[in-house]
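Heads up: the structure comes next, in structure tokens.
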Amino acid sequence: MRYLQYRAYGRSMTNSREAGPNRQYDVLIAGGGPAGLGAAVTLGRSLRTVLVVDAGEQRNRPAEAAHNVLGREGTAPTDLLAAGRAEAAGYGAEIFEGTVLSAERISGGFTLSLSSGETVGACRVLLATGAVDELPAIEGLAAGWGRRVLHCPYCHGWEVRGRRIGVVATSPMAEHQALLFRQLSEHVTVFDHESVLGAQARERLTGMDVPIVDGRVDRVLTDGDRVRSVRVAGAAHEVDAVAVATRVHARGELFQTLGGRVSDHPFGTYIETDATGRTAVDGVWAAGNARDPMAMVGAAAASGVAAGAAINADLVDEAVRRAVGAEPRVEKCRVQE
Ligand SMILES: Cc1cc2nc3c(=O)[nH]c(=O)nc-3n(C[C@H](O)[C@H](O)[C@H](O)COP(=O)(O)OP(=O)(O)OC[C@H]3O[C@@H](n4cnc5c(N)ncnc54)[C@H](O)[C@@H]3O)c2cc1C
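Under the working numbering, the first residue of the sequence shown is numbered 977, with each subsequent residue one higher.
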């Protein structure tokens, strides 16, 4: 497993040892996107020992830039993560590239198996594992995904303002999506791929000068980063960008190894938590897109910070209960050496 070394802020990285079997951490964070790194900074600043394991499949990876990120507007996702990693490591968090394959509960904590073959122990686990977008099965859509095949008017709408935008309708939400893109361009066309637009939606769209093309989309023609056309029943409609809603599925495999279950929402799945990110599985939190499919970068990072703070408070509370004898003074959550 590749260990990423960074310079610490203002104090020595006392916990920057090489990872090996049976290492102990206060918190293991699965996932090093905005949510996981946000939590790692908060926990590191609370002098918690933290291991971040990241498989490197951040959701916005295909995009050139991340927008609506206050203070870092328009930064490339990779640059944003590099900065976040350096900040987290600066407070002592250890960051590894790899995957947490499974987790098992032990007395007071967890043992976790990593893709490197190592096993580590942690008192708490934060699932910042993000989500996966499931695109409709239309030829050409995946090739342009995150470049000129878009889902979010706030993420990349400004970049296609005034251009010809084709909205592929696969659910009634397409009306809403088309109207948001219509705010950015007078040249929006809806392709009613799944015949999902009712009479009212059609009236509202045509009232806003949004034409509707009926019939299934055969193909989206892309050329490098560009989108050329949407083909319906053999006829090509020229566009510069395509907008489409995806189904968003929480990466919940690790949660399942802990006995948790992902829940359904109207357009995918998510890990249910309370406001702090605490899940129904004792000692396990979730943050970012894993718990909220709508969270953009800022909201995902903020939910990581909130979960980090809640985990730290939970560990403080546990230490107090031990100190006053309310809980046995066992050595905290150690895996078997
Ligand atoms: C195409 C596209 C463009 C976007 N553009 C923007 C934008 O411009 N602005 C904006 O604010 N938002 C944007 N978003 C949304 C943004 O991607 C998310 O808000 C953000 O990535 C959520 O952060 P996260 O940390 O929850 O998850 P992610 O960033 O997806 O990070 C999760 C990480 O966890 C890792 N992981 C998963 N399972 C494991 C495991 N078992 N072990 C180890 N690691 C694991 C993954 O590989 C991944 O690296 C965009 C989304 C898409 C799809």
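Cβ coordinates follow ideal geometry from the N, Cα and C atoms, glycine included. Fair warning: this is a prediction, and the values are worked out from it, not measured in the lab.
The DSSP-derived three-state label of Tyr1067 is coil. The region 1226-1239 and the region 1167-1185 do not touch, with fewer than 3 CB-CB distances between them shorter than 8 Å. Around the Cβ of Gln1159, a 10 Å sphere holds fewer than 16 other Cβ atoms; the residue is exposed. Annotation for Ile1247: no beta strand (DSSP E) segment contains it, and DSSP assigns it neither H nor E.
For Pro1129, the Cβ stays outside the 7 Å cut-off from all heavy atoms of ligand 1.
Taking 8 Å as the cut-off, the Cβ atoms of Val1224 and Pro1269 count as close. Less than 8 Å divides the Cβ of Gly1264 from the Cβ of Ala1104. Taking 8 Å as the upper bound for CB-CB distance, Ala1278 and Gly1014 are in contact here, some 7 Å apart. DSSP, reduced to helix, strand and coil, places Arg1207 within a strand of the structure shown. Residues of the same chain with a CB within less than 6 Å of the CB of Ser1078, apart from the 5 flanking positions on each side, are Ser1089 and Thr1233 in chain order. Rounded to the nearest whole angstrom, the CA to CA distance from Gly1020 to Asp1250 is 23 Å. A distance below 8 Å between beta-carbons, with the five flanking residues on each side excluded, links Asn1288 to the following residues of its chain, in chain order: Thr1018, Leu1019, Ser1022 and Arg1024.
Here Cys1131 is not near His1241, since their CB atoms are 8 Å or more apart. Annotation for Ala1052: Glu1040 and Ala1041 place their beta carbon closer than 7 Å to its own, counting only its chain and skipping 5 residues before and after. For Cys1099, the enclosing beta strand (DSSP E) stretches over residues Thr1095 to Leu1103. Here Tyr1001 really is in contact with Val1096; their C-beta atoms are around 6 Å apart, less than 8 Å.
Judged by their CB atoms, Thr1252 and Ala1283 are nearer to each other than the 8 Å cut-off.
CA-CA distance, Ala1107 to Ala1226, rounds to 4 Å. C-alpha of Asp1030 to C-alpha of Ala1006: approximately 6 Å in a straight line.
Taking the Cβ of Gln1034 as the reference point, at least one heavy atom of ligand 1 falls within a distance shorter than 7 Å.
Counting only runs of 4 or more residues that sit fully inside the region 1180-1235, the alpha helix (DSSP H) segments are 1229-1233, in chain order. Inclusion of Val1203 and Ala1217 in the CB contact set at 8 Å is warranted, their separation being smaller than that value. Per DSSP, reduced to three states, the secondary structure at Ser1279 is helical.
Counted as a single uninterrupted DSSP element, the beta strand (DSSP E) harbouring Ala1262 occupies residues Val1260 to Ala1262. In the three-state scheme derived from DSSP, where H, G and I count as helix and E and B as strand, Ala1058 is classed as helix.
Distance from the CA atom of Thr1245 to the CA atom of Leu1230, rounded to whole angstroms, is 14 Å.
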